[in-house]
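Notes follow once the structure below has been shown.
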Amino acid sequence: MAGMAGWHFEHTYAGLPELFYSAAMPATVREPRLVAFNRPLAIALGLEPERLAQEGAAIFGGNVLPEGSRPIAQAYAGHQFGHFTALGDGRAILLGEQVTPAGDRLDIQLKGSGRTRFSRRGDGRAALGPMLREYIISEALHALGIPTTRSLAVVATGEPVQRETMLPGAVLTRVAASHIRVGTMEWAAAHGGESATRALADYTLQRHYPELAGSPEPYLDLFNAILDRQASLLARWQLVGFIHGVMNTDNMALSGETIDYGPCAFMDAYDPATVFSSIDAGGRYAYGNQPPIAHWNLTRLAEAMLPLFDPDVARATARATAALERFPDLFEGYWLNGMRAKLGLLTVEPGDRALANDLFVWMHRRSADFTNTFCELTAGRVPSDVDDGVEGGPGVQAWYDRWLARRGRQPQTLAETGAVMQQHNPRFIPRNHNVEAALLAATSLGDLSVMEKLLDVLAKPYDHARDLPMFSLPGAGDQAYRTFCGT
Ligand code: AMP
Ligand code: MG
Numbered sequence: 365m366a367g368m369a370g371w372h373f374e375h376t377y378a379g380l381p382e383l384f385y386s387a388a389m390p391a392t393v394r395e396p397r398l399v400a401f402n403r404p405l406a407i408a409l410g411l412e413p414e415r416l417a418q419e420g421a422a423i424f425g426g427n428v429l430p431e432g433s434r435p436i437a438q439a440y441a442g443h444q445f446g447h448f449t450a451l452g453d454g455r456a457i458l459l460g461e462q463v464t465p466a467g468d469r470l471d472i473q474l475k476g477s478g479r480t481r482f483s484r485r486g487d488g489r490a491a492l493g494p495m496l497r498e499y500i501i502s503e504a505l506h507a508l509g510i511p512t513t514r515s516l517a518v519v520a521t522g523e524p525v526q527r528e529t530m531l532p533g534a535v536l537t538r539v540a541a542s543h544i545r546v547g548t549m550e551w552a553a554a555h556g557g558e559s560a561t562r563a564l565a566d567y568t569l570q571r572h573y574p575e576l577a578g579s580p581e582p583y584l585d586l587f588n589a590i591l592d593r594q595a596s597l598l599a600r601w602q603l604v605g606f607i608h609g610v611m612n613t614d615n616m617a618l619s620g621e622t623i624d625y626g627p628c629a630f631m632d633a634y635d636p637a638t639v640f641s642s643i644d645a646g647g648r649y650a651y652g653n654q655p656p657i658a659h660w661n662l663t664r665l666a667e668a669m670l671p672l673f674d675p676d677v678a679r680a681t682a683r684a685t686a687a688l689e690r691f692p693d694l695f696e697g698y699w700l701n702g703m704r705a706k707l708g709l710l711t712v713e714p715g716d717r718a719l720a721n722d723l724f725v726w727m728h729r730r731s732a733d734f735t736n737t738f739c740e741l742t743a744g745r746v747p748s749d750v751d752d753g754v755e756g757g758p759g760v761q762a763w764y765d766r767w768l769a770r771r772g773r774q775p776q777t778l779a780e781t782g783a784v785m786q787q788h789n790p791r792f793i794p795r796n797h798n799v800e801a802a803l804l805a806a807t808s809l810g811d812l813s814v815m816e817k818l819l820d821v822l823a824k825p826y827d828h829a830r831d832l833p834m835f836s837l838p839g840a841g842d843q844a845y846r847t848f849c850g851t
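If you want it as structure tokens, here you go:
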């Protein structure tokens, strides 16, 4: 047990029926070395960063259990690329729930810390590159203001892991509002029946939606609230060009946080068909498919929760269907509000959707960079495209004039609406070439400075005063960029 670094663990999840988890112990690793450590997050958690700078390698590598931890692996199922499977934490171990000085309850989880009851044929380990990738991109989403799990630390284990080649091993310490997934409810329905789904729904309600306690229809309200948070989350992803890459139901959190960063990446040139993941040949999780896939996943959640909505199957189905039908409009509402902010529109006009659509038609046709198109508009410039680098191009000048006229039909000045645009259009996203350069330096040269510089830039994504073309321009090879799960 480690000393007093500020750990304050509770274990409410272990109060659920035993089918939801299994005791697990992190594996001991040979030569743990702290390669990334999130000081501001440690402080927010009530931990002492100075102490952890020393003890962190042993703790976040899994060699020493922090005081008060009670490690478990969580059980869950999931639809993976449409097919139902029993899963569970095969390479992750929950140490406990840290209660922060602000009174928040946050899961502290080690990812890559060895085999558990749910490992199946896997080794329970993780490679350094993918763990640093999760660290970089999850912290970038957080800085963008998008709900997400966080990354507290990455420890290199000093042990190799066997993938297609031998890779350096690592453990990521993940911090989450919880790790309850759509797949956890599916697990409950499949293995515990109605009493288990009720227990999990009660727990989720209490932990994430306490305002619904005491409602006359708590489970339907819970489902609607989850649906609402997902609609909002998906809108946030779409508005910055984030592609999750593997939206299986086990990778969708009921808290509404982005979770399980695998083959995710940000889109450069605007194209709804963009896919980066090497295992997503059919494009199921393409950029433009993300909202309907979220809807599909929520339908699986509704099926698992069905008996809680009404004892009569026909009535329960009717209510679930009515709730699910709200999703497209909810998403559209969040998206259009966000798009108005990106375009500096502070009033509502019926033609706003068409105005946005016409911009996207041009962006698609000209392969315009998603992020930088909005940055140019923010800076008051006519957007350029990548094809010939010539400012404007066919059609965009007319669109630009129309947009300026629209901006003129509201009481706010251009300066006022420009300030709103700056807060909603990131100057810096984790560009694929920057992420790759950071990972390459860290994994093959042991040079962490490239990643640290990138993390510094990504921590202030809306800082339009910073002129760093190295970080704001797409890379030459990014159109053919491929990502891997790294499992
Ligand atoms: P993911 O693709 O990371 O969401 O993982 C899907 C499922 O596979 C989860 O149940 C993981 O715990 C499990 N898994 C992934 N990689 C490994 C591994 N190396 N060893 C054991 N289980 C794994
Ligand atoms: Mg997963």
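If you count the sequence shown from 1, you need to add 364 to reach the working numbering.
Virtual Cβ for every residue (Gly too), placed ideally from N, Cα, C.
DSSP bridge partner residues for P532 (one or two, in chain order): Within the sequence shown, numbered from 1, the residue matching residue 532 stands at position 168. Paired residues: P524.
When we look at the beta-carbon of Q473 and count the other beta-carbons within 10 Å, is it buried (16 or more) or exposed? Translated into positions along the sequence shown, residue 473 becomes position 109. Result: buried.
Cβ distance (whole Å) where G522 is taken to contact P655 below 8 Å: Within the sequence shown, residue 522 is the residue found at index 158, counting from 1. Within the sequence shown, residue 655 is the residue found at index 291, counting from 1. Their Cβ separation, rounded to whole angstroms, is 43 Å, which puts G522 and P655 out of contact at 8 Å.
Nearest neighbour of A823, chosen from G839, G452 and L505 [CA to CA]: Residue 823 sits at position 459 when you count from the first residue of the sequence shown. Checked all of G839, G452 and L505; the closest Cα to A823 is L505.
Using C-beta distances below 6 Å, list every residue in its chain close to G556, excluding the 5 sequence neighbours before and after it, in chain order. Taking the sequence shown and counting its residues from 1, one reaches residue 556 at position 192. Excluding positions up to five away in sequence, the list reads L383.
G794 and Y826 closer than 7 Å at C-beta: Stepping through the sequence shown from its first residue, residue 794 is reached at position 430. Stepping through the sequence shown from its first residue, residue 826 is reached at position 462. Sequence check: residue 794 is Pro here, not Gly. Cβ distance not < 7 Å, so P794 and Y826 don't count as in contact.
M365, buried or exposed, once every other Cβ within 10 Å from all chains shown has been counted against 16: Residue mapping note: residue 365 aligns to position 1 of the sequence shown, counting from 1. Low confidence applies to M365: its pLDDT is 45, below 50, so where it sits in the model is not reliable, and the reading given next is rough at best. Exposed, since its Cβ has fewer than 16 Cβ neighbours within 10 Å.
Checking 7 Å against the spacing of the C-beta atoms, do L586 and L569 come in under that value? If you number the sequence shown from 1, residue 586 lands on position 222. If you number the sequence shown from 1, residue 569 lands on position 205. Yes. Within cutoff.
Below 6 Å from a heavy atom of the ligand MG - residues by beta-carbon: D614, N615 and D624
For the alpha helix (DSSP H) that V799 lies in, which residues bound it at each end? Translated into positions along the sequence shown, residue 799 becomes position 435. Run containing V799: N796 to S808, per the alpha helix (DSSP H) assignment.
Quick one, which of V712, L694, A645 and E550 has its alpha-carbon nearest G452's? Counted from its first residue, the sequence shown places residue 452 at position 88. Comparing Cα-Cα distances from G452 to each of V712, L694, A645 and E550, the minimum goes to E550.
To the nearest angstrom, how far is the alpha carbon of G853 from that of A829? Because the chain spans 365 through 851 in this model, residue 853 falls outside it and cannot be assessed.
I'd like to know whether the C-beta atoms of P465 and L492 end up nearer to each other than 7 Å. Residue numbering aside, residue 465 sits at position 101 when the sequence shown is read from its first letter. Residue numbering aside, residue 492 sits at position 128 when the sequence shown is read from its first letter. No, these two residues do not count as a Cβ contact at 7 Å.
Report the residue from D614, L618 and T622 whose alpha carbon sits nearest the alpha carbon of H608. Numbered from its first residue, the sequence shown carries residue 608 at position 244. The candidate whose alpha carbon is nearest that of H608 is T622.
Leaving out the 5 sequence neighbours to the left and right, which residues in its chain are closer than 7 Å to A534 when beta-carbon positions are compared? For the purposes of this step, residue 534 is identified with residue 170 of the sequence shown, where counting begins at 1. Result list for A534: G476, A490, A491, L492, M495, V518, V519, A520 and T521, in chain order.
Let's test the definition: count the other Cβ atoms within 10 Å of the Cβ of N402 and tell me whether it reaches 16, buried, or not, exposed. Residue mapping note: residue 402 aligns to position 38 of the sequence shown, counting from 1. Classification of N402: buried, given that the 10 Å Cβ count is 16 or more.
Between the stretch 666-676 and the stretch 757-770, can you find at least three pairs of beta-carbon atoms closer than 8 Å? no
Contact set for L741: own chain, Cβ-Cβ below 6 Å, skip 5 residues either direction: The residue given as residue 741 occupies position 377 in the sequence shown. Taken in chain order, the list of residues that qualify is empty.
Pick helix, strand or coil for M365, following the three-state DSSP scheme. For the purposes of this step, residue 365 is taken as the residue at position 1 of the sequence shown. For M365, the predicted structure reports a pLDDT of 45, less than 50, and the residue's modelled location is therefore unreliable. A value from the coordinates is still provided. Coil, per DSSP.
Same chain only: Cβ atoms within 6 Å of G410, ignoring 5 sequence neighbours per side: Here the question's residue 410 lines up with position 46 in the sequence shown. Excluding sequence neighbours, G410 sits near G370, T464 and P465.
Answer with buried or exposed for R394, where buried requires no fewer than 16 other C-beta atoms within 10 angstroms of its C-beta. Taking the first residue of the sequence shown as 1, we reach residue 394 at position 30. The residue is exposed, with fewer than 16 neighbouring Cβ atoms inside 10 Å.
By Cβ distance below 6 Å, which residues in the same chain neighbour S860 in space, the five residues on each side in sequence not counted? The structure shown does not extend to residue 860, since the chain is modelled only from 365 to 851, so the question has no answer here.
By DSSP's criteria, D471 is part of a beta bridge. Which residues make up the other side? For this step, residue 471 is matched to residue 107 along the sequence shown. In the DSSP output, where bridge partners are listed per residue, D471 has E461 and A540.
How is the beta strand (DSSP E) around S386 delimited, first residue to last? One-based indexing of the sequence shown puts residue 386 at position 22. Y385 to A387 is the span of the beta strand (DSSP E), which, as asked, contains S386.
Which stretch, first to last residue, makes up the beta strand (DSSP E) that contains R442? By 1-based counting over the sequence shown, the position of residue 442 is 78. Per the sequence shown, residue 442 should be read as Gly rather than Arg. Start and end: A441 to Q444.
Return the Cβ separation of I501 and S619 in integer angstroms, given the expectation that the two are a contact with Cβ distance under 8 Å. One-based indexing of the sequence shown puts residue 501 at position 137. One-based indexing of the sequence shown puts residue 619 at position 255. Contact flag wrong, Cβ pair sits at about 18 Å.
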